[in-house]
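Just so you know, the sequences run in chain order Y and S. In the working numbering, each residue's number is its place in the first sequence (first place is 1) plus 41. In the working numbering, each residue's number is its place in the second sequence (first place is 1) plus 12. Quick reminder that beta carbons are idealized off the backbone N, C-alpha and C, glycines included. Data block below; observations after.
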Amino acid sequence: MAAIEMSHIVKRYGDGFPAVNDVSLDIADGEFMILVGPSGCGKSTLLRMIVGLEDITSGDMVIGGTRVNDKAPRERNLSMVFQNYALYPHLTVYENIAFPLRLAKVPDAEVKAKVEQSANILELHEHLQRKPANLSGGQRQRVAMGRAIVRDADAFLFDEPLSNLDAKLRGQMRAEIARLQRRLGITTVYVTHDQTEAMTLGDRVCVLKKGVIQQVASPRELYEQPTNLFVAGFIGSPPMNFLPASASNGKLDTPFGTIQLDEARAQQVGDRDLVLVGVRPEMFEDASLVDEALRDKGARFTAQVDVTEWLGDSQYAYLPYESSPEAAAKLKELAQELDGDQLRTQAIVSIDSTSRIREGQEAEFWFDTRKIHVFDPQSGDNLTRDAEAGAELTRQATEDRKAQVERARATASA
Amino acid sequence: MSTREKVGWGIGGLLIIIYCLFPIAWIVSLSFKSSSDISNGEFLPTSATSENYATILTGDAAELFLPALRNSFGICLIATALACLLAMFAAYAIARLDFPGKKIILSTALAVAIFPVISIVTPLFNLWREIGLYDTWPGLILPYLSLTLPISIWTLSAFFREIPWEMEQAAQVDGATPWQAFRKVIVPLAAPGVFTTAIIAFFLAWNDFVYGISLTSTSASRPVPAALGLFTGASQFESPTGPIAAAAVIVTIPVVVLVLIFQRRIVAGLTNGAVKG
């Protein structure tokens with residue numbers, strides 16, 4: 042078990058392109074850290090630098106108090122689960138899991154005990170004598186994890202381990218990984234582009250864009266107090282809506298009516314010609330279904346409904362709106378950064394699944410204005426971020442984690 | 013496929029097989045004909061006899077044929093083993109490492125493979141006599157390596173390239189040195205490729221005639237194809253067709269056996285299951 046400290050890590054490829062640029066990140070002992078971002082953001086490169094498969098151009102990589110920049114992967118005592126599992130096809134499941142132990146020349150009896158222990162944890166017992174080719178995707182995934190946990194590694198590294206599984210299995214394995222990490226209490230770095238995995242698994246999440254860290258925080262803080270447009274747009278599904286608006290005297294003039302900001306936030310925003318107002322889909326509601334008590338905490342507006350999607354437990358409506366070319370260009374640029382493609386300016390709103398609003402209708406909506414964020418479109422900065430509230434959320438998450446790890450260790454030793 | 017089509021394909025296939033195997037059948041038939049029967053104008057011998065086999069295995073030609081058989085086996089097996097071993101390292105480096113001159117090595121290997129043997133055999137003959145390699149096993153193994161190495165390097169590097177990088181990386185993270193990763197993961201995975209390469213290399217060496225006839229003079233190192241050319245008839249007016257046919261049948265057998273044994277190993281499907289399906 043060990044903490045991983047990175048300071049000013051840079052990875053520059055032959056053509057001078059910095060895939061990872063000045064990343065400083067401390068991962069505490071026993072912490073589950075997620076590296077997330079759109080493709081090409083450098084998250085996998087960063088992981089491979091931790092494990093030693095990629096050279097570090099500059100900066101210090103310290104694992105468990107020792108600088109490991111110049112150490113070979115085998116000297117770092119880390120274990121890794123690869124995206125395509127990388128099982129050894131000529132060996133049985135048993136020998137696959139035993140492979141690291143065999144290399145370390147562990148006596149046979151101990152190998153047997155350890156492999157069986159791992160197989161028990163991962164419920165692989167009946168498959169031990171089979172070859173990887175005869176296993177299903179989920180079973181291969183578990184074998185790869187077995188190989189990672191069989192020796193006492195200082196940290197686990199996962200490189201998009203679930204991206205080859207189908208949706209149902211992915212959900213199960215996600216829970217499995219979370220359970221395993223809590224049980225073993227080992228420092229874990231997990232790379233993914235899937236924000237559901239990022240939100241559900243991580244103690245803290247590190248959002249990367251083009252090799253630069255955007256924000257490192259607990260999932261809750263990322264969701265509620267994003268530091269900039271990129272993080273706000275990346276975290277959450279469906280994504281946060283960004284409504285172009287002009288701000289003056291604490292009033293935001295958006296395509297969906299005027300929003301009155303409270304005193305503190307009005308001051309933070311000031312007067313601006315163009316801001317982007319970030320509103321999460323679930324802050325919206327069908328105006329006719331809003332609770333009495335909430336009604337005056339938000340604003341009402343009417344809009345044309347383009348499409349509705351009914352999902353059983355929830356319902357989404359797409360509301361197109363007109364925007365200035367300047368704002369539209371900015372939104373398009375943002376969508377590209379987020380790996381998406383914005384074809385038209387529209388808001389996605391979540392309404393109650395019992396709502397009778399249907400597509401093509403003109404309907405009245407309501408939205409909660411208390412939790413909106415206002416962004417500067419030029420710098421992307423969140424003008425209304427409450428750093429203290431955010432830090433508090435992350436502090437709570439850290440406490441929860443400590444308690445969980447302690448409980449898990451107490452159970453394991455009992 | 014309708015029945016008619018099936019029958020059509022069957023007949024077509026049969027014709028091709030007959031066309032391809034006819035010379036072999038003819039050799040086999042010849043090998044069972046007695047010397048007076050050779051020119052009987054018929055495909056089958058009038059009465060089958062094993063006298064040709066007796067001649068080459070225990071009779072007059074035995075002292076020419078049997079040492080040649082031993083030489084051929086020894087020289088070809090050593091040349092194949094060396095070629096596979098060297099090609100494995102070379103191909104691994106070519107497939108995995110980025111070093112200057114990689115392209116040159118590959119194209120030189122190709123150039124060597126297509127270079128006509130006959131044009132270098134004379135200088136080689138002189139050189140070998142000077143340095144004492146003439147009529148020795150190493151004197152043939154070395155030129156055979158020049159035949160077998162290029163093709164081996166090409167086939168093996170294609171095989172190594174198919175093996176996902178992650179296999180070695182996983183091994184390294186698991187605690188393997190590069191050498192251990194190569195020996196415990198890459199070599200077993202490349203085994204089908206090595207077998208394929210070995211068979212091709214063995215055939216190349218086994219079938220060589222030009223080096224065999226030019227660089228040897230006695231039964232100390234003369235291989236079978238060269239020895240066959242030196243068979244003589246019972247008298248100078250008689251050509252040794254029967255014994256040659258019998259010897260040809262015997263040298264074909266190891267090749268057929270080899271293919272049959274390794275046929276099942278020459279499947280590239282071994283990496284199935286290594287990575288996602």
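Review point. Whose C-beta lies closer than 8 Å to the C-beta of isoleucine 163/S among residues of the same chain, with five residues either side of it excluded?
Key: Against the second sequence, residue 163/S aligns to sequence position 151. Answer for isoleucine 163/S: Ala125, Thr209, Ile212, Ala213 and Leu216, listed in chain order.
Exercise for review: Using a Cβ cut-off of 7 Å, pull out every chain Y residue sitting near valine 185/S, in sequence order please.
Suggested key: Walking along the second sequence from the start, residue 185/S turns up at place 173. Around valine 185/S, the beta-carbon contacts reaching into chain Y at under 7 Å are Val92, Pro114, Leu119, Ser120 and Met121.
Review point. According to the neighbour-count rule (16 or more other Cβ atoms, all chains shown, within 10 Å of its Cβ), is histidine 414/Y buried or exposed?
Key: Locating residue 414/Y in the first sequence gives position 373, counting from the first residue. Histidine 414/Y is buried by the Cβ-count criterion.
Exercise for review: Determine the direct distance from the alpha carbon of alanine 107/S to that of alanine 170/S, and round the result to whole angstroms.
Suggested key: As a working mapping, residue 170/S is identified with position 158 in the second sequence. As a working mapping, residue 107/S is identified with position 95 in the second sequence. C-alpha separation (whole angstroms): 8 Å.
**Study point:** Contact with chain B by methionine 179/S, beta-carbon distance below 7 Å
**Key:** Here the protein chains are Y and S, and chain B is not one of them.
Check your understanding: Which runs of the beta strand (DSSP E) fall wholly inside the segment 387-435 of chain Y and span at least 3 residues, in chain order?
Key -> 387-392, 403-409 and 414-416
Practice item. Below 7 Å CB to CB, which residues in the same chain sit around isoleucine 97/Y once its five sequence neighbours on both sides are set aside? Key: As a first step, residue 97/Y is located in the first sequence; it is residue number 56 there, counting from the start. Result list for isoleucine 97/Y: Ile50, Lys52, Met90 and Asn110, in chain order.
Exercise for review: Could you tell me the boundaries of the alpha helix (DSSP H) in which threonine 92/S lies?
Suggested key: Taking the first residue of the second sequence as position 1, residue 92/S is located at position 80. Per DSSP, threonine 92/S belongs to the alpha helix (DSSP H) from 74-108.
Practice item. For alanine 430/Y, count neighbouring C-beta atoms within 10 Å of its own C-beta (all shown protein chains included) and say buried if the count is 16 or more, exposed if not. Key: Looking up residue 430/Y in the first sequence gives position 389. Burial call: exposed.
Practice item. Give the range of the beta strand (DSSP E) segment to which glycine 178/Y is assigned. Key: The residue you call residue 178/Y lines up with position 137 of the first sequence. Note, glycine 178/Y: premise wrong, no beta strand (DSSP E); alpha helix (DSSP H) at 178-190.
Exercise for review: Report buried or exposed for glycine 113/S, applying the criterion of at least 16 other Cβ atoms within 10 angstroms of its Cβ.
Suggested key: The residue given as residue 113/S occupies position 101 in the second sequence. The residue in question, glycine 113/S, is exposed, as its Cβ has fewer than 16 Cβ neighbours within 10 Å.
**Study point:** valine 318/Y beta carbon less than 7 Å from that of threonine 295/Y
**Key:** Position 254 of the first sequence, counted from the first residue, corresponds to residue 295/Y. Position 277 of the first sequence, counted from the first residue, corresponds to residue 318/Y. In this structure, valine 318/Y lies closer than 7 Å to threonine 295/Y by Cβ.
Exercise for review: Return the CA-CA distance between proline 130/Y and isoleucine 175/S, expressed in angstroms with no decimal places.
Suggested key: On the first sequence, residue 130/Y is found 89 positions in, with the first residue counted as 1. On the second sequence, residue 175/S is found 163 positions in, with the first residue counted as 1. C-alpha separation (whole angstroms): 11 Å.
Point to revise | 7 Å Cβ cutoff, tyrosine 129/Y in contact with chain S | key: For the purposes of this step, residue 129/Y is identified with residue 88 of the first sequence, where counting begins at 1. Closer than 7 Å to some Cβ of chain S, the Cβ of tyrosine 129/Y qualifies, so yes.
Check your understanding: Is the Cβ-Cβ distance between isoleucine 256/S and phenylalanine 274/S less than 7 Å?
Key -> For the purposes of this step, residue 256/S is identified with residue 244 of the second sequence, where counting begins at 1. For the purposes of this step, residue 274/S is identified with residue 262 of the second sequence, where counting begins at 1. No, the Cβ-Cβ distance between isoleucine 256/S and phenylalanine 274/S is not below 7 Å.
Check your understanding: Expressed to the nearest angstrom, what Euclidean distance is found between the alpha-carbon atoms of asparagine 290/Y and isoleucine 300/Y?
Key -> Within the first sequence, numbered from 1, the residue matching residue 290/Y stands at position 249. Within the first sequence, numbered from 1, the residue matching residue 300/Y stands at position 259. Cα to Cα, asparagine 290/Y sits roughly 11 Å from isoleucine 300/Y.
Check your understanding: Under three-state DSSP, which class holds aspartate 96/Y?
Key -> The sequence position of residue 96/Y within the first sequence is 55, counting from 1. In the structure shown, aspartate 96/Y sits in coil (DSSP, three-state: anything other than H, G, I, E or B).
Exercise for review: Following the continuous alpha helix (DSSP H) through glutamate 54/S, name the residue where it begins and the one where it ends.
Suggested key: To locate residue 54/S, count along the second sequence from 1; it is residue 42. Here glutamate 54/S belongs to no alpha helix (DSSP H), and DSSP marks it neither H nor E.
Review point. Is any beta-carbon of chain S found at less than 7 Å from that of phenylalanine 199/Y?
Key: Counting from one through the first sequence, the residue named residue 199/Y turns up at place 158. No, its Cβ sits nowhere closer than 7 Å to a Cβ of chain S.
Exercise for review: Provide the residue(s) that pair with serine 289/Y in DSSP beta bridges, ordered along the chain.
Suggested key: Numbered from 1 along the first sequence, position 248 holds the residue referred to as residue 289/Y. Per DSSP, Lys292/Y.
Check your understanding: Sorted by chain position, which residues of the same chain lie with C-beta nearer than 8 Å to lysine 196/S's C-beta, five sequence neighbours on each side aside?
Key -> The residue you call residue 196/S lines up with position 184 of the second sequence. The answer, listed in chain order, is Ala183 and Ala188.
Exercise for review: Flag leucine 144/Y as yes if its beta-carbon sits less than 7 Å from any beta-carbon of chain S, otherwise no.
Suggested key: Walking along the first sequence from the start, residue 144/Y turns up at place 103. Taking Cβ atoms only, chain S reaches closer than 7 Å to leucine 144/Y, which makes this a yes.
**Study point:** Residue-chain proximity (alanine 193/S, chain Y), Cβ-Cβ < 7 Å
**Key:** By 1-based counting over the second sequence, the position of residue 193/S is 181. No, alanine 193/S does not count as interfacial toward chain Y.
Exercise for review: Give the DSSP bridge partners of phenylalanine 342/Y, in chain order.
Suggested key: Counting from 1 along the first sequence, the entry for residue 342/Y is found at position 301. In the DSSP output, where bridge partners are listed per residue, phenylalanine 342/Y has Phe406/Y.
Review point. Residues in its own chain within less than 8 Å of alanine 280/S by CB, not counting five upstream and five downstream?
Key: Position 268 of the second sequence, counted from the first residue, corresponds to residue 280/S. Bear in mind that a pLDDT of 46 at alanine 280/S, under 50, signals an unreliable position, so the number given afterwards is only what the model happens to contain. So the list reads Phe171, Glu174, Pro204 and Gly205, once near-sequence residues are dropped.
**Study point:** alanine 139/Y vs valine 122/Y beta-carbon contact at 7 Å
**Key:** Along the first sequence, one-based indexing puts residue 139/Y at 98. Along the first sequence, one-based indexing puts residue 122/Y at 81. Cβ atoms of alanine 139/Y and valine 122/Y: not closer than 7 Å.
Exercise for review: Buried or exposed for methionine 179/S, please, with buried defined as at least 16 other CB atoms from any protein chain shown within 10 angstroms of its CB.
Suggested key: In the second sequence, the residue the question calls residue 179/S occupies position 167. Buried, because 16 or more other Cβ atoms sit within 10 Å of the Cβ of methionine 179/S.
Practice item. Kindly list, in the order they appear in chain Y, the residues whose Cβ is closer than 9 Å to that of alanine 91/S. Key: Position 79 of the second sequence, counted from the first residue, corresponds to residue 91/S. Ordered by position in chain Y, no residue passes the 9 Å Cβ test against alanine 91/S, which lies about 28 Å from the chain.
Check your understanding: Under 7 Å between C-beta atoms, does proline 148/Y make it to chain S?
Key -> The residue labelled residue 148/Y in the question sits at position 107 within the first sequence. Chain S contact via Cβ: absent.
**Study point:** Three-state secondary structure assigned by DSSP to glutamate 333/Y
**Key:** Start at 1 with the first residue of the first sequence, and residue 333/Y comes out as number 292. Residue state, collapsed to three classes: coil.
Review point. Based on the DSSP output, what are the partners of cysteine 247/Y in its beta bridges?
Key: Taking the first residue of the first sequence as position 1, residue 247/Y is located at position 206. Its beta-bridge partners are Leu76/Y and Val257/Y.
Check your understanding: Which stretch, first to last residue, makes up the beta strand (DSSP E) that contains alanine 358/Y?
Key -> Position 317 of the first sequence, counted from the start, is the residue given in the question as residue 358/Y. Residues 356-361.
**Study point:** Residue environment, phenylalanine 271/Y, which counts as buried when at least 16 other CB atoms sit within 10 Å
**Key:** Looking up residue 271/Y in the first sequence gives position 230. Burial of phenylalanine 271/Y is indicated by the presence of at least 16 other C-beta atoms within 10 angstroms of its C-beta.
Review point. Is the CB of proline 202/Y under 7 Å away from at least one CB in chain S?
Key: The sequence position of residue 202/Y within the first sequence is 161, counting from 1. So no, proline 202/Y is outside the interface.
**Study point:** Distance between proline 202/Y and glycine 285/S (C-alpha atoms, nearest Å)
**Key:** Position 273 of the second sequence, counting from 1, holds the residue named residue 285/S. Position 161 of the first sequence, counting from 1, holds the residue named residue 202/Y. With a pLDDT of only 43 at glycine 285/S, under the threshold of 50, the placement of this residue in the model should not be trusted; the figure read from the coordinates follows. Near 16 Å, if we compare the C-alpha coordinates of proline 202/Y and glycine 285/S.
**Study point:** Contact residues within the segment 198-216 of chain S, judged by C-beta distance below 7 Å to chain Y
**Key:** Pro200 and Leu201
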